[in-house]
Amino acid sequence: MKKIEIFRINHRKKRDPRLTTHLCLAARAFGASAVYYSGERDLQLEKSVNDVTKHWGGPFKIKFIPKERSFVKNYRGTKIHLTMYGEPFNKKLIPLRATRYPLLIIVGGPKVPPWIYSICDYNLSVTSQPHSEVSALAVFLHELQSGKELNKQFKGGKLKIVPQKSGKKMVRQIPFK
């Protein structure tokens, strides 16, 4: 599968740490290789996400982007903005699956700058109704990859869940070298 990266714009350290953390967890679990974020730098967010990758495997990274406009403008790949105002995403899945370029999926914060709408290759909606950027991202990534991300194997993790009909089982693994 092609490289999929996420860009969370306008993170607010005091108001958004839980939401942005959940966005990163969903991105990682559903096949993205990185989350970039702008707004306020949040070292605790970065530590939390890096700890998850250390314990549960990767590859996955998080990085703060101080200059969001130049980052998006200079990104070499297809830029997709998830917004409730966009075109229905399911009508664009075939060309997105076929592209050989990396994908940058942009999700908003409190206010999306107007330039995002014009700089992106696609402005896509998941339902055209208000809901969480975490749910929009998860649904989009799942459909984009036709569910194949559900079988992804994470490398280098120290912990792994053993699926059970009932109860909970987790094992410690020796990290891959």
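According to my numbering, numbering within the sequence shown proceeds without interruption in unit steps and concludes at 179. Idealized CB from N, CA, C, for every residue including glycine.
Around the Cβ of residue i, are there at least 16 other Cβ atoms within 10 angstroms (buried) or fewer (exposed)?
i, result
"isoleucine 85", "The question names isoleucine, but residue 85 in the sequence shown is threonine. Label assigned to threonine 85: buried."
"tyrosine 38", "buried"
"alanine 100", "exposed"
"glutamate 70", "buried"
"glutamate 89", "exposed"
"valine 173", "exposed"
"histidine 182", "As displayed, the chain neither begins before 3 nor continues past 179, which places residue 182 out of reach and without an answer."
"valine 109", "buried"
"asparagine 92", "exposed"
"glutamine 125", "Per the sequence shown, residue 125 should be read as asparagine rather than glutamine. It counts as buried."
"arginine 102", "exposed"
"glutamine 175", "exposed"
"histidine 83", "buried"
"arginine 30", "buried"
"isoleucine 11", "buried"
"isoleucine 118", "buried"
"lysine 150", "exposed"
"threonine 129", "exposed"
"valine 186", "With the chain represented from 3 up to 179, any question about residue 186 goes unanswered, as that position is not in the structure."
Which residue marks the beginning of the beta strand (DSSP E) containing residue i, and which one marks its end?
i, result
"lysine 63", "63–66"
"valine 128", "Run containing valine 128: none; DSSP gives neither H nor E here."
"arginine 174", "172–174"
Can you name the residues that DSSP bridges to residue i?
i, result
"leucine 106", "Glu7, Lys81"
"isoleucine 121", "For isoleucine 121, which the question treats as bridged, DSSP gives no partner whatsoever."
"isoleucine 163", "Met172"
"glutamate 89", "Leu126"
"histidine 144", "None; histidine 144 has no bridge partner."
"histidine 13", "Gly41"
"lysine 113", "Partner(s): none; lysine 113 has no beta bridge."
If I follow the unbroken alpha helix (DSSP H) through residue i, where does it start and stop?
i, result
"serine 2", "The displayed coordinates of the chain run from 3 to 179. Any statement about residue 2 would go beyond what the structure contains."
"leucine 152", "That residue, leucine 152, is in no alpha helix (DSSP H); it is neither H nor E in DSSP."
"alanine 36", "No alpha helix (DSSP H) contains alanine 36, which is instead part of the beta strand (DSSP E) from 36–41."
"threonine 23", "19–31"
"aspartate 53", "45–58"
"arginine 99", "95–100"
Since residue i contacts residue j with CB under 8 Å, what's their CB separation in whole angstroms?
i, j, result
"tyrosine 77", "leucine 106", "5 Å"
"glycine 41", "isoleucine 6", "21 Å between Cβ atoms; not a contact."
"lysine 75", "isoleucine 8", "In fact, because the Cβ distance is near 17 Å, the residues do not count as touching under 8 Å."
"glycine 59", "phenylalanine 156", "3 Å"
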